[in-house]
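Inspection log for the structure reproduced underneath, given as structure tokens.
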Amino acid sequence: MLGLIERYETLIASVGYECIEARVLGTCAARWGASVLGELRAWMADRVVLWMMLPFARGAASVDEAKVMMQGVGSRYDFHLHKTLCDLRTQEIFDIIVDFPDSNAALLDLKECLQRVDQRAELVQALRKFNKKRLLHPGADTKDILTQYVSTIKCLRIVDPPGVLLFKVADPIRRYLRDRPDTIRCIVASLVGDGESGDSLVDESEPIQPLQQPEAENYADPDWTPEPNDAGPDFRAGKASDIVSTLVSIYDSKDLFVRELQVLLAQRLLAVRDGNFDRERRNIEILKIRFGEAALQVCEVMLRDMTDSRRIDAHVQSQTEDVNVMHPTIISRHFWPALETSDIVMPGQFQALQTLYARQFSTFKPDKVLRWLPHLGRVSLALELDDRTVEADVPPLEAAFIELFGGAGAGGEEAGGGDAKTDTDTWTVDALIARVGSVSRSAALKALGTWVDLGVLKEEHRGGEDGETVFRLLHVREEGDEAGRVHVGKSAREAEEELAPMMSAQQQQAEQMRVYWKFIEGMLTNLGQLPLDRIQTMLKFAPGYDRSVEQLGAFMEAARREGLVAVRDGMWKLGR
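Quick note: the sequence shown, position 343, residue 343 per full-length UniProt numbering, numbers continuous.
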């Protein structure tokens, strides 16, 4: 009535802005399960628009005239509503991604807000900051980082289908994962169905398809569209890759994944106890689709080895008059990943069983020779003591140690080959190691501790200056021990984790690089200082060398830390 609307229009508008902010923050915070934009628009129509008519459309003669008079301020209020909701969802974006897919409605609201409010840069900056603070640090498990990365991919594809936001947010995550040593193993474990907890990275509803490679833009395509305005110089538009292709593309080559697949499948095959390889056969068929037939040929050989091994074992058992309780797994050395080696020598009846089995195998396969890996596998045995029977399922080292104790007082359930047993009940750790082979003292103490826990052995300390520790066999249980039959075994999961320790892909790569150290050492000895690219060029003449200059640089840096080489101004020389 006083005509002061124009003078105080900014103040009046701020009252409406504060009302909108209070409504959005009070009703929409942490509400991600349902869309809230429709609800907010309805509230605007019922409350805010009616209030706006008093100061901004007082003299309107009709509804249409009132709309025209309020068009400018109404547009600003609508913009502020979307901006406030966009700011709220930007601050909640990390938790929204954690809660996906239950937060799908909030992502659709955010997508609509970003179309109205240009705050894409703020969203990218906020999400990168949250990732750095809450995700990309040593305290986060690699599986959790990968799970969050996969959820980020799915969420940002909803918010921004062209993928510009994902490209900007994913780059720090990918660089961080590339530097983690167990990233490949986590991805591969998910591919072969190791996600026992149900939180696999791969969505089973997604169709299985070959790995997708980045394609060059086809400007002749009638559906071609230019890159978005905020796309960076490295952004490449194209069809969205599936999750597996995106994860594999973290690395420049899929060869590391193929080698790690071979390692993990080998471990899983050797862990199968019942002879049912259907699950692993299905995994190999799925991986053939993703990685190609050629990449999985070695895995096919491993699977065939397992079935052939059971057939060979059945034939050997049929040729034996007495029951042979040994059931080895026979594999082709050249087609399997490198297994960790050991110099353990199984004593007593175990060695006799190995010798008998090898003789029968040579009769059946005269052109092949068995090379035993006695430190792998499990041994199920029964110890018949004076007042009790102890049954146990233990690793070979534990079985080898207990075989040396007690002579006739501690016999396994297997028959034959008992001539190598000793007649003493007391052994020192060093004496046991000398009889079994090259075993670390810590591994020996751990193995002996198993029998101490079962009440079969007792640890004693002899007097004197040295205070030597000995282990004594308990033919009769001591006070406090349970009497009768004791059975000890491990769950299938624990046994699987202990079975077949194999070198990972990175370990195999490091071991292979050590082979080429002699070539590098010879170069630096004969030619003096050399730059890295010259070493790389000369190494290409070495048989089987296929490393990149970056991998060579990492190896040389590791050699420098060991004092083998030194570098100055990019020139490498021997360290001594």
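Glycine included, C-beta positions come from ideal geometry on N, C-alpha and C.
Keep in mind the model is a prediction, meaning the values are calculated, not measured.
Please name the residue, chosen from the options, that lies closest to residue i on a Cα-to-Cα basis.
i           : options            : result
residue 383 : 374, 399, 371, 369 : 399
residue 250 : 192, 268, 175      : 175
residue 291 : 307, 244, 311, 328 : 244
residue 84  : 109, 96, 341, 105  : 109
residue 259 : 517, 242, 287      : 287
residue 541 : 380, 75, 519, 191  : 519
residue 392 : 447, 426, 437, 345 : 447
residue 390 : 476, 426, 370, 361 : 476
residue 308 : 183, 277, 394      : 277
residue 49  : 517, 77, 373       : 77
residue 378 : 327, 362, 42       : 327
residue 424 : 121, 441, 474      : 474
residue 547 : 252, 279, 280, 427 : 252
residue 163 : 208, 111, 525      : 111
residue 184 : 526, 256, 171      : 256
Roughly how far, in whole angstroms, is the beta-carbon of residue i from the beta-carbon of residue j, given that I think they are within contact range, below 8 angstroms?
i           : j           : result
residue 265 : residue 299 : 5 angstroms
residue 472 : residue 454 : The Cβ separation is near 14 angstroms, so there is no contact.
residue 187 : residue 131 : Incorrect: roughly 19 angstroms between the Cβ atoms, too far for contact.
residue 168 : residue 117 : Not a contact, Cβ separation roughly 18 angstroms.
residue 335 : residue 306 : Not quite, the Cβ-Cβ distance comes to about 12 angstroms (not below 8 angstroms), so this is no contact.
residue 20  : residue 81  : 5 angstroms
residue 397 : residue 439 : 7 angstroms
residue 449 : residue 345 : With a Cβ gap of about 21 angstroms, residue 449 and residue 345 do not count as contacting.
residue 432 : residue 404 : 6 angstroms
residue 560 : residue 567 : 6 angstroms
residue 24  : residue 40  : 7 angstroms
residue 581 : residue 312 : Outside the shown range of the chain (1 to 576) lies residue 581, about which nothing can therefore be said.
residue 275 : residue 310 : 6 angstroms
residue 553 : residue 565 : Wrong, their Cβ atoms sit about 12 angstroms apart, outside the cutoff.
residue 373 : residue 358 : No, residue 373 and residue 358 are not in contact; Cβ-Cβ is about 13 angstroms, not under 8 angstroms.
residue 114 : residue 158 : Not confirmed; about 11 angstroms, so no contact.
If we count the other Cβ atoms within 10 Å of its Cβ and call it buried at 16 or more, is residue i buried or exposed?
i           : result
residue 485 : In this prediction, residue 485 scores a pLDDT of 41, lower than 50, which makes its location untrustworthy; no coordinate-derived value is stated.
residue 47  : exposed
residue 126 : buried
residue 375 : buried
residue 283 : buried
residue 478 : exposed
residue 268 : buried
residue 340 : exposed
residue 9   : exposed
residue 394 : buried
residue 364 : exposed
residue 421 : No answer about residue 421 holds up, because its pLDDT of 39 lies below 50 and its placement is not dependable.
residue 285 : exposed
residue 362 : exposed
residue 248 : buried
residue 314 : exposed
residue 75  : exposed
Distance, Cα to Cα, residue i vs residue j?
i           : j           : result
residue 496 : residue 273 : Because the pLDDT at residue 496 is just 41, under 50, the model does not fix this residue reliably, and the point stays unresolved.
residue 100 : residue 337 : 38 angstroms
residue 366 : residue 572 : 51 angstroms
residue 531 : residue 570 : 6 angstroms
residue 98  : residue 254 : 28 angstroms
residue 401 : residue 149 : 48 angstroms
residue 79  : residue 177 : 39 angstroms
residue 356 : residue 563 : 49 angstroms
residue 17  : residue 550 : 56 angstroms
residue 452 : residue 354 : 27 angstroms
residue 37  : residue 31  : 12 angstroms
residue 493 : residue 192 : Model confidence at residue 493 stands at a pLDDT of 38, short of 50, so the residue's coordinates are unreliable and nothing is read from them.
residue 161 : residue 557 : 42 angstroms
residue 135 : residue 318 : 58 angstroms
residue 94  : residue 128 : 9 angstroms
residue 350 : residue 469 : 27 angstroms
residue 347 : residue 435 : 8 angstroms
residue 294 : residue 459 : 55 angstroms
residue 387 : residue 352 : 28 angstroms
residue 619 : residue 316 : With the chain represented from 1 up to 576, any question about residue 619 goes unanswered, as that position is not in the structure.
residue 441 : residue 539 : 40 angstroms
residue 15  : residue 182 : 55 angstroms
residue 155 : residue 104 : 8 angstroms
Any 3 or more C-beta pairs closer than 8 angstroms across the region 82-92 and the region 137-152: In short, these stretches do not touch, since the Cβ pair count stays below three.
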